[in-house]
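In this note's numbering, each residue's number is its place in the sequence shown (first place is 1) plus 101. Below: one structure, written as structure tokens.
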Amino acid sequence: GKLLISAEYGVLDGALALALPTRKGQQLTVTTKKGSGISWRSLDWQGDTWYKGEFGWAEDRLTTKQKDPLSQRLLQLLNLAIGLNPRFLEHELRYDVTTKLEFPENWGLGSSSTLIHNISRWSGTNPYTLLENSFGGSGYDIAAANSASPILYRLTDDGPESETIVLDWSFKDSLYFVHLNKKKNSREAIANYRRQKTLARDFIESLSQLTGQMVSCNKLSI
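Here you go:
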């Protein structure tokens with residue numbers, strides 16, 4: 102999971118962002134047996150099943166009879182992974198896949214980004230390519246999913262750059278995560294941001310400077 106501490110939305114335009122990986126994330130377990138296709142089950146943080154999907158082969162692509170948005174999005178991710186690595190799945194095997202969230206989905210800690218990260222690990226593909234061709238976004242959450250430490254992240258002309266850092270704030274015991282129950286759809290929020298006026302470069306730079314000040318901060322009050 103992840104928390105974006107600075108440069109929200111500005112990170113999409115190259116601002117330097119501070120992000121923290123959370124201890125809670127998402128697990129993905131795969132077992133195989135003779136057969137064909139994929140049986141998918143998703144568990145919430147309490148262990149209850151909240152999604153089931155069945156996927157079969159249509160030549161070299163997966164398909165499903167389920168038309169709901171979640172099944173179609175998962176189908177898209179799996180077929181993207183197949184396109185990036187044609188040896189990812191074998192037609193002669195049946196894959197039983199179980200995912201389990203370790204946090205309530207409405208906390209917004211990254212159920213989609215952790216899923217993309219796990220599918221990329223399973224398929225041996227680039228998670229940023231999966232993200233770019235599916236959900237979109239800056240990719241900071243993908244970097245956080247692959248890190249055990251706080252990160253500084255930015256988008257450059259050459260692609261994403263991520264650097265792990267030590268963030269040993271003396272006041273960390275005075276910081277709290279407050280859940281407001283106002284989670285937004287990331288794709289819709291990004292699309293709305295893109296419809297706004299492009300941020301000026303000096304404002305992007307000010308966001309980057311603020312990130313640097315946060316990292317070097319050594320006291321809680323001014």
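Yeah, the Cβ is synthetic: ideal placement off N, Cα and C, and Gly gets one too. Note that the structure is a prediction, hence the values are computed from the model and not measured.
Item                                                                                                  : Value
Proximity to Lys135 [Cα-Cα], best of Ile291, Gln127, Asp197 and Ile106                                : Asp197
Lys285 CB to nearest heavy atom of the ligand SAM below 7 Å                                           : No copy of the ligand SAM appears in this structure; indeed no ligand is present at all.
Identified DSSP bridge partners for Lys135                                                            : Leu194
Residue span of the alpha helix (DSSP H) that contains Thr299, given as start and end                 : Neither: Thr299 is in no alpha helix (DSSP H) and is coded neither H nor E.
Touch test, the region 237 to 245 against the region 209 to 217, Cβ-Cβ under 8 Å, three pairs minimum : yes
Endpoints, beta strand (DSSP E) assigned at Arg162                                                    : Arg162 to Thr164
Euclidean distance between Cα positions of Ser143 and Tyr152                                          : 5 Å
Beta carbon of Asn319 nearer than 8 Å to that of Ser271                                               : yes
Opening and closing residue of the beta strand (DSSP E) in which Glu203 lies                          : That residue, Glu203, is in no beta strand (DSSP E); it is neither H nor E in DSSP.
Terminal residues of the beta strand (DSSP E) in which Gly154 lies                                    : Thr150 to Ala159
Meets three-Cβ-pair contact criterion under 8 Å: the region 102 to 112 and the region 159 to 169      : no
Lys125 in three-state terms, based on DSSP                                                            : coil
Beta-bridge pairing of Tyr254 - partner residues as DSSP gives them                                   : Ala118 and Ser263
Burial state of Thr200 (16 or more Cβ within 10 Å)                                                    : buried
DSSP bridge partner residues for Thr130 (one or two, in chain order)                                  : Thr199
Among Ala120, Trp141, Ser137 and Leu190, the one whose alpha carbon lies nearest that of Gln173       : Trp141
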